[in-house]
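Using the numbering used here, you'd call the opening residue of the sequence shown number 355 and step up by one each time.
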Amino acid sequence: MDVTIIGCGYVGLVTGVCLASLGHTVRGVEKDQRKLKTLQSGHCHIFEPGLQDLLNETLANGSISFTDNVKEAVKDAEVVFLCVGTPPKPDGTVDMSFLESAGKEVCDALSELKNDWLVTIIVKSTVPAGTNRKLYNFLKQQVPNAYYAVVSNPEFLKEGTAVQDCLNPDRIVVGGESPEAFRMMRRMYDPLVKREENFMTMNWESAELTKYAANSMLAARISFMNELTILCEYYGADIEDIRKGMGSDTRIGPAFLRAGCGYGGSCFPKDVAAMEHISKQAGYDNLFVRAIQTINENQKKRFAQKIADKLGRPIEGATIAVWGLAFKADTDDIRESASIDVIRMLVEKGAKVRAHDYKGAENMRAYLKDIADKIDWVADPVTAAAGADAIALCTDWPQYTTQPFRKIAATMNSPIIFDGRNCLHRDVMRENGFQYYPMGRPPVEKELRLKQRN
Ligand code: UGA
355 MDVTIIGCGY
365 VGLVTGVCLA
375 SLGHTVRGVE
385 KDQRKLKTLQ
395 SGHCHIFEPG
405 LQDLLNETLA
415 NGSISFTDNV
425 KEAVKDAEVV
435 FLCVGTPPKP
445 DGTVDMSFLE
455 SAGKEVCDAL
465 SELKNDWLVT
475 IIVKSTVPAG
485 TNRKLYNFLK
495 QQVPNAYYAV
505 VSNPEFLKEG
515 TAVQDCLNPD
525 RIVVGGESPE
535 AFRMMRRMYD
545 PLVKREENFM
555 TMNWESAELT
565 KYAANSMLAA
575 RISFMNELTI
585 LCEYYGADIE
595 DIRKGMGSDT
605 RIGPAFLRAG
615 CGYGGSCFPK
625 DVAAMEHISK
635 QAGYDNLFVR
645 AIQTINENQK
655 KRFAQKIADK
665 LGRPIEGATI
675 AVWGLAFKAD
685 TDDIRESASI
695 DVIRMLVEKG
705 AKVRAHDYKG
715 AENMRAYLKD
725 IADKIDWVAD
735 PVTAAAGADA
745 IALCTDWPQY
755 TTQPFRKIAA
765 TMNSPIIFDG
775 RNCLHRDVMR
785 ENGFQYYPMG
795 RPPVEKELRL
805 KQRN
């Protein structure tokens, strides 16, 4: 099919490249000239495992191309994805201006082209219930004679596994009112529909709420486990054993039950907050989503406080190596990363921070400009730990588990690790002489042999 993608940011580019790899003819529209040039020269402007390879392949066989010209891009289009930003406004409502102007530009082009087939305009963005209907009404009023339908098609990609998620979706949700548009969507996604029941059509509002509900439920599972770490630490239980014990119940399932020092990213914090906001608009106080957020904030505070409490010396003047800045492994994205609050709290308590990440350091450095004098940016985890009073692990990069811990312990002022992601091995920590504090798991504690500072 002929597919146009308006906005080649994260979601747009992954969607476009994946659809091109399935055999569709995809035209990506990008107005940012720097990004456009990068894409036209065959390079991804974002880091996502597998995406560059797929882009090379689809550019080489001509199934994808990039332009800044909407009219040219929609000339033969049967479906047009709107993958533009829908940022929250200060009052909590969504800024629809990008969606409206992109939609209007597409409809203006369609009305000039006067093609005789229905074009399905697809909204991928996560938007509050009612937004697609509003967009449809807005476009109908602005461009009454274009022939199109609007559908909501929320995406469920995870950063770091976006290509794989896009090509192997658990389900495809399509919200709208036009049976013809539903049929087009079914046809476009045909190679990805393994079972008919995994392709779901519903009204706009249900599709929009499905997305918020899914992210809120996932965040709720994490917050539930995070709060449980308090009980585990008090009673000497192990959250990992509980996770396995609970998760093996098929009604519960094992996914998204890993406790840590707080969830982050560009989706969970935003979507849970939006759920609270749309609940208020509907006239009630959503206690559940409020609790999810409060627990997440508390978990980051508890982690920073645990570091101060267990350090064996005053936190003021201490040096803490922070391992991991990205909001999760395999991404350079630091948006709402737990490490932001953890670093700020450590600095507020008077600590100096040595920060390391495999991909996110540059972004974090730009973000934490206001406390730049309190942070050293270090290129590798071993150097970050040398002479430090403790390591605080905030991101689950697998590389952290294979560090030369004996060597690291020997170079630290005091070998203490606070594992905010429960990704290190207790026995390895003990054998290498570390005092080890995971989240909701029994610690390894012993008399510390503090080195004399010069
Ligand atoms: C999330 C959802 O998982 C996707 O399905 C959704 O499409 C996406 O938001 C979105 O709305 O665009 P993403 O933000 O990329 O994806 O990252 P996740 O892998 O979900 O992780 C989010 C946060 O939860 C990370 O900070 C991660 O460390 C944390 N997490 C995840 C836990 O603390 N425990 C877990 O068990 C899983």
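C-beta atoms are modelled at their ideal positions from N, C-alpha and C, and glycine is treated no differently. Keep in mind the model is a prediction, meaning the values are calculated, not measured.
Problem - Among GLU702, ILE646, ASP686 and LEU641, nearest to ALA662 - alpha-carbon criterion - result: GLU702
Practice task
Just the C-alpha distance for GLN806 and ARG760, rounded to the nearest angstrom, thanks.
Solution key: Any answer about GLN806 is weak, because its pLDDT of 49 lies below 50 and its placement is not dependable; what the coordinates show is given next. Straight-line Cα distance between these residues: approximately 19 Å.
Problem - With 16 other Cβ atoms within 10 Å as the buried cut-off, status of VAL676 - result: buried
Exercise for the section: Return helix, strand or coil for LEU436, following the three-state DSSP convention. Expected result: strand
Exercise for the section: Find the nearest neighbour of ALA705 within the set GLN496, ASP687, ILE725 and ASP430, judged by alpha-carbon distance. Expected result: ILE725
Problem - ASP434 vs ILE475 beta-carbon contact at 7 Å - result: Looking at the sequence shown, residue 434 is not Asp but Val. Closer than 7 Å, so yes.
Handout entry: CB of ILE680 within 7 Å of CB of VAL626, strictly
Key = Sequence inspection shows Ala at residue 680; the Ile mentioned does not correspond to that position. Taking 7 Å as the Cβ cut-off, ALA680 and VAL626 do not qualify as a contacting pair.
Practice task
Could you tell me how far apart the beta carbons of THR583 and MET793 are, in whole angstroms, since I believe they sit closer than 8 Å?
Solution key: 5 Å
Handout entry: Unbroken beta strand (DSSP E) run spanning PHE420, endpoints
Key = 418–421
Handout entry: Separation of GLU630 from ALA636, as counted between CA atoms
Key = 10 Å
Problem - Three-state class that DSSP yields for GLN806 in the structure shown - result: Any reading at GLN806 is ruled out, since the residue's pLDDT is 49, under 50, leaving its predicted position unreliable.
Exercise for the section: Return yes when the Cβ of ILE576 is within less than 7 Å of the Cβ of TYR543, no when it is not. Expected result: no
Problem - Limits of the alpha helix (DSSP H) - the one that LYS713 falls within - result: First-last for LYS713: undefined, no H or E at that position.
Exercise for the section: Would you check if there are 3 or more beta carbon pairs closer than 8 Å linking the stretch 387–398 to the stretch 427–445? Expected result: no
Practice task
May I have the straight-line CA-CA distance separating THR673 from ALA763, to the nearest angstrom?
Solution key: 15 Å
Practice task
Return helix, strand or coil for ILE632, following the three-state DSSP convention.
Solution key: helix
Problem - Sufficient close CB pairs (3 or more, under 8 Å) joining the stretch 534–542 to the stretch 512–523 - result: no
Practice task
Have a look at ALA483 and LYS385 and give me their C-alpha separation to the nearest angstrom.
Solution key: 28 Å
Problem - Residue burial classification, GLY416 (beta-carbon count within 10 angstroms, cutoff 16) - result: exposed
Problem - Reference ASP524, options GLU534, GLU551 and ARG780, closest by Cα - result: GLU551
Problem - Option in GLU402, GLY404 and GLY382 with minimal Cα separation from GLN394 - result: GLY382
Problem - Neighbour-count burial assignment, PRO589, 16 or more Cβ in a 10 Å radius - result: For clarity, residue 589 is Tyr in the given sequence; the question names Pro instead. Burial call: exposed.
Handout entry: Cβ-Cβ separation, TYR502 to LEU472 (assumed contact under 8 Å), whole Å
Key = 7 Å
Exercise for the section: Indicate whether ALA709 and ILE729 have their beta-carbon atoms separated by less than 7 Å. Expected result: yes
Problem - In DSSP terms, what ARG297 is bridged to - result: A query on residue 297 cannot be resolved here, the shown segment of the chain reaching from 355 to 808 and no further.
Exercise for the section: Could you pull the start and end residues of the alpha helix (DSSP H) that LEU405 belongs to? Expected result: 405–414
Handout entry: Sufficient close CB pairs (3 or more, under 8 Å) joining the stretch 655–671 to the stretch 684–700
Key = yes
Exercise for the section: Please classify GLY361: is it buried, with 16 or more other beta-carbons within 10 angstroms of its beta-carbon, or exposed? Expected result: buried
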